[in-house]
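In my numbering, the protein residues as written are 36 to 340.
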């Protein structure tokens, strides 16, 4: 009888503290709080969608620290069409002005996998700022994002800005598609919704120590913008194109990564310079275009007559 009264008191206390949050699972006592054996539904902060949490190992409720801890081997958080899987999930909550309890931060630790239509990201640790709809993923050795045929990896961290349809990879980042690879200190990937409702990368921007590798050439610059569907890339700042033994330098370049044709632009009317396979330095075969800029055109060997 005493045990039953104690459980009834605990359930009543839980309902009062949750203030409208719906719970599912069997309640029992743990030294640090309450354990829920299956799952729970939580109100997301910042007027965001509700967050559902499930865990095979149970969910611990620590009232002193205002945190729910979901233990693996399989812990899952779901919000809309985004799913976060990890060895452990920590959901931090607060009392909102409206009188509801809401989650404002979610930490995922160990074998983190984040999926949404058209995207899969993996890493070792993730922090989800619910108010801002921003996820920071790191400790993946490397962190990886897969979207269709495009793969982005980084030794640093990967950020998802959901409201801006944007992913940012920082620290030795690389983006690859088939035989093309872009490297830079920072890469930003801009997403759009495809016909099937899945996200796909439309534009990749690269900043600092940019390098683009294809089967036939290596291109270096300070910054680049790559239109993924068309294969066209615009590079600016200390541009250098190397193909075979030939090198050509300029201030900006337009490159078609699908055909291998490159157009190099000069700096404020200065001559474009380069070296040939024979090692002779000098001007490239170039002439001014209608705007007065000087450019050179390089073609793959299989296009030469």
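Each residue gets a CB set at the ideal place from its N, CA and C atoms; glycine is no exception.
What you are looking at is a predicted structure, and each value in this text was computed from that prediction instead of being measured.
Report task. Figure out for me which residue from 137, 131, 130 and 104 has the closest Cα to the Cα of residue 121. Result -> 104
Requested in this report: Could you work out which residue in 226, 276, 116 and 92 is closest to residue 248 when comparing CA atoms only?
Outcome: 276
Query - Whole-angstrom distance between residue 237 and residue 157, CA atom to CA atom - result: 21 Å
Requested in this report: Over the uninterrupted beta strand (DSSP E) stretch that includes residue 194, give me the two end residues.
Outcome: Where residue 194 is concerned, the enclosing beta strand (DSSP E) stretches over 192-196.
Requested in this report: Identify the continuous beta strand (DSSP E) that holds residue 142 and give its terminal residues.
Outcome: 136-151
Requested in this report: Please name the residue, chosen from 233, 111, 210 and 256, that lies closest to residue 141 on a Cα-to-Cα basis.
Outcome: 111
Query raised in the report: Is it the case that the Cβ atoms of residue 165 and residue 80 are separated by a distance below 8 Å?
Result: yes
Report task. Drop a sphere of 10 angstroms on the beta-carbon of residue 297, count the other beta-carbons inside from all chains shown, and report buried for 16 or more, exposed for fewer. Result -> buried
Requested in this report: Inspect the CB distances between the segment 209-216 and the segment 177-193 and report whether three or more fall short of 8 Å.
Outcome: Verdict: yes, contact present.
Query raised in the report: Is it buried or exposed for residue 230, if we count other Cβ within 10 angstroms and need 16 for buried?
Result: By the neighbour-count criterion, in which a residue is buried when 16 or more other Cβ atoms sit within 10 angstroms of its Cβ, residue 230 is exposed.
Query raised in the report: Which value, in whole angstroms, describes the spacing of the CA atoms of residue 285 and residue 255?
Result: The straight-line gap from Cα to Cα measures roughly 10 Å.
Query raised in the report: Comparing alpha-carbon positions, which option in 160, 136, 137 and 269 lies nearest residue 145?
Result: Minimum Cα distance to residue 145 is reached at 160.
Query raised in the report: So the beta strand (DSSP E) residue 6 belongs to, where does it begin and stop?
Result: Outside the displayed range of the chain (36 to 340) lies residue 6, so it cannot be described from this structure.
Query raised in the report: Bridge partners of residue 201, per DSSP?
Result: Answer is 196 and 225, bridged to residue 201.
Query raised in the report: Is it true that the CB of residue 118 sits closer than 8 Å to the CB of residue 107?
Result: No, Cβ-Cβ distance for residue 107 and residue 118 is not below 8 Å.
Query - Minimum C-alpha distance to residue 215 - residue among 252, 78 and 278 - result: 252
Requested in this report: Per DSSP, which residues does residue 240 bridge with? Please list them.
Outcome: Partner residues in the beta bridge of residue 240, as assigned by DSSP, are 223 and 260.
**Report entry** Given residue 246 as reference, the closest of 133, 288 and 179 once Cα atoms are compared
**Finding:** 288
Query raised in the report: In terms of residue numbering, what span does the beta strand (DSSP E) encompassing residue 182 cover?
Result: 178-182
Query raised in the report: Does the Cβ of residue 89 have 16 or more other Cβ atoms within 10 Å, making it buried, or fewer, making it exposed?
Result: buried
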